[in-house]
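Numbering that gives the first Met the number 0 puts the sequence shown at residues 0 to 299. C-beta atoms are modelled at their ideal positions from N, C-alpha and C, and glycine is treated no differently. One structure below.
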Amino acid sequence: MGTNLTFLACHQALPFSQLLQLCGIQAIIDQIGTSSKVHLIDIHIRSGVQWTAMMQALVERKSPITLLKLTAVATFSDVQKVVETGKRLESFAKGLRLPFLFKVLMLSDITEVKQEQFEVRHGEVVAVYCQTILRTMVSRPQRLENLMRSIQKINPLVIVVGEVEANHNSNSFVNRFTEALFFYGALFDCLEACMSRDDPHRAIVEGVHIADGLQNLVAAEGDERTNRSVYLNTWRIFFTRFGMVEIELSDLCVVQANLLLQQFSCASSCTLENNGKCLVVGWKGTPLHSLSTWRFVQER
Numbered sequence: 000m001g002t003n004l005t006f007l008a009c010h011q012a013l014p015f016s017q018l019l020q021l022c023g024i025q026a027i028i029d030q031i032g033t034s035s036k037v038h039l040i041d042i043h044i045r046s047g048v049q050w051t052a053m054m055q056a057l058v059e060r061k062s063p064i065t066l067l068k069l070t071a072v073a074t075f076s077d078v079q080k081v082v083e084t085g086k087r088l089e090s091f092a093k094g095l096r097l098p099f100l101f102k103v104l105m106l107s108d109i110t111e112v113k114q115e116q117f118e119v120r121h122g123e124v125v126a127v128y129c130q131t132i133l134r135t136m137v138s139r140p141q142r143l144e145n146l147m148r149s150i151q152k153i154n155p156l157v158i159v160v161g162e163v164e165a166n167h168n169s170n171s172f173v174n175r176f177t178e179a180l181f182f183y184g185a186l187f188d189c190l191e192a193c194m195s196r197d198d199p200h201r202a203i204v205e206g207v208h209i210a211d212g213l214q215n216l217v218a219a220e221g222d223e224r225t226n227r228s229v230y231l232n233t234w235r236i237f238f239t240r241f242g243m244v245e246i247e248l249s250d251l252c253v254v255q256a257n258l259l260l261q262q263f264s265c266a267s268s269c270t271l272e273n274n275g276k277c278l279v280v281g282w283k284g285t286p287l288h289s290l291s292t293w294r295f296v297q298e299r
């Protein structure tokens with residue numbers, strides 16, 4: 000059973016990814032305005048399902064789009080999945096008669112990307128999308144900084160950052176264990192409420208993805224511990240070093256998120272809270288994910 004199929008099954012059953020993707024896409028739409036050439040850069044693309052919603056929104060707006068370009072940044076180990084994602088998106092865009100260009104930027108390490116590899120052309124407005132990827136670089140701060148410097152040089156109109164809202168980066172085993180207890184306890188409770196026990200996709204998520212992440216968080220040390228999520232406030236401090244400021248999510252974004260949430264049977268257990276200009280999504284009061292939008296302060 001493929002990883003993408005499991006991801007899509009969870010995407011449909013659980014509210015979190017849909018809520019974050021909806022708000023992220025709406026934030027980009029709010030910022031690009033009537034621009035006719037839009038260049039999206041997805042750092043470590045996965046299924047790309049969120050971009051179909053983006054395409055539909057661009058087709059329905061009054062001002063025509065002359066080019067939607069999507070640069071999918073990925074590692075060589077993901078080449079087959081990225082190619083399949085590109086084909087699906089190209090087919091979807093063709094059905095909408097939307098001018099669409101899908102470009103794959105394959106790297107041995109995402110953090111080694113250079114400014115010129117993004118190939119930003121004159122007249123394009125750029126939006127960068129980072130969904131639960133920056134946390135995997137916390138243990139390699141120099142490489143994370145290299146990625147941010149490369150993004151800074153192309154001066155995107157908006158950067159969307161979706162991350163796990165937890166502190167899994169403590170040097171103390173006791174602190175990590177306690178944090179994991181609350182975070183994964185809420186996650187397992189959500190799976191119990193939203194997916195049946197005999198669902199094969201749930202078994203894969205619990206037995207493979209969550210199990211691996213939990214083991215890495217609690218048992219691994221040093222460079223082997225890659226599960227190092229940090230709180231939103233920690234990201235705020237980090238982004239400030241690059242001259243980045245938060246962009247407030249629009250009222251429309253928040254309204255749409257609440258409307259979408261009501262479509263899930265578990266809506267009463269899912270929480271949406273503002274944290275400054277950002278959105279935090281949780282389960283029964285336990286924060287699980289954050290969505291924030293940023294821009295660099297410099298002359299455009």
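{"Query": "What three-state label does DSSP hand Met136 in the structure shown?", "Result": "helix"}
{"Query": "For a minimum of 3 consecutive residues, which ranges assigned as the beta strand (DSSP E) are wholly contained in the stretch 6-89?", "Result": "36-42 and 66-74"}
{"Query": "What is the rounded straight-line gap between the Cα of His200 and the Cα of His288?", "Result": "21 Å"}
{"Query": "With Tyr183 as the anchor, note down where its alpha helix (DSSP H) starts and where it stops.", "Result": "Phe172 to Cys193"}
{"Query": "Quick check: the Cα distance between Val207 and Phe6, rounded to an integer number of angstroms?", "Result": "12 Å"}
{"Query": "Quick check: Leu260 and Thr292, are their CB atoms within less than 8 Å of each other?", "Result": "no"}
{"Query": "Since Phe75 and Gly85 are thought to touch, with beta carbons under 8 Å apart, how far apart are those beta carbons, to the nearest angstrom?", "Result": "Contact flag wrong, Cβ pair sits at about 15 Å."}
{"Query": "Starting from the C-beta of Asp222, find all residues in its chain whose C-beta is less than 7 Å away, skip the five residues before and the five after it, and write them out in chain order.", "Result": "Ser138"}
{"Query": "Just list the residues that DSSP pairs Gln130 with in beta bridges.", "Result": "Gly161"}
{"Query": "The alpha helix (DSSP H) that contains Cys252, what's its start and end?", "Result": "Asp250 to Leu260"}
{"Query": "Report yes if the C-beta distance between Cys265 and Ala202 is below 8 Å; otherwise report no.", "Result": "no"}
{"Query": "Less than 8 Å between the beta carbons of Ile42 and Val72, yes or no?", "Result": "yes"}
{"Query": "If you run the structure through DSSP and keep just helix, strand and coil, what is Val204?", "Result": "helix"}
{"Query": "Compute the distance between the beta-carbons of Gln25 and Leu251, then report whether it is under 8 Å.", "Result": "yes"}
{"Query": "Measure how close the beta-carbons of Met136 and Ala12 come, nearest whole angstrom, since I'm counting them as under 8 Å.", "Result": "At roughly 29 Å, the Cβ-Cβ gap does not stay under 8 Å, so Met136 and Ala12 are not in contact."}
{"Query": "Answer yes if the stretch 125-133 comes into contact with the stretch 154-165, meaning at least three C-beta pairs across the two stretches below 8 Å, and no otherwise.", "Result": "yes"}
{"Query": "I need the straight-line Cα distance from Val58 to Ile31, nearest angstrom please.", "Result": "14 Å"}
{"Query": "Output yes or no for whether 8 Å exceeds the beta carbon distance between Lys36 and Val124.", "Result": "yes"}
{"Query": "Where does Thr70 land, buried or exposed, given buried means 16+ other C-beta within 10 angstroms?", "Result": "buried"}
{"Query": "Report yes if the CB atom of Ile209 is closer than 8 Å to the CB atom of Tyr183, and no otherwise.", "Result": "yes"}
{"Query": "Within the same chain, show all residues whose beta-carbon is closer than 8 Å to that of Met0, passing over the 5 residues directly before and after it, in chain order.", "Result": "Any reading at Met0 is ruled out, since the residue's pLDDT is 49, under 50, leaving its predicted position unreliable."}
{"Query": "Going by CA-CA distance only, name the one from Leu290, Ile28, Asn170 and Phe237 that's closest to Ala52.", "Result": "Ile28"}
{"Query": "In chain order, what residues of the same chain lie with their CB nearer than 7 Å to the CB of Ser46, ignoring the 5 residues before and after it?", "Result": "Asn3, Phe6, Leu7 and Thr84"}
{"Query": "Can you give the beta carbon distance from Ile64 to Leu97, rounded, assuming they're within the 8 Å contact cut?", "Result": "7 Å"}
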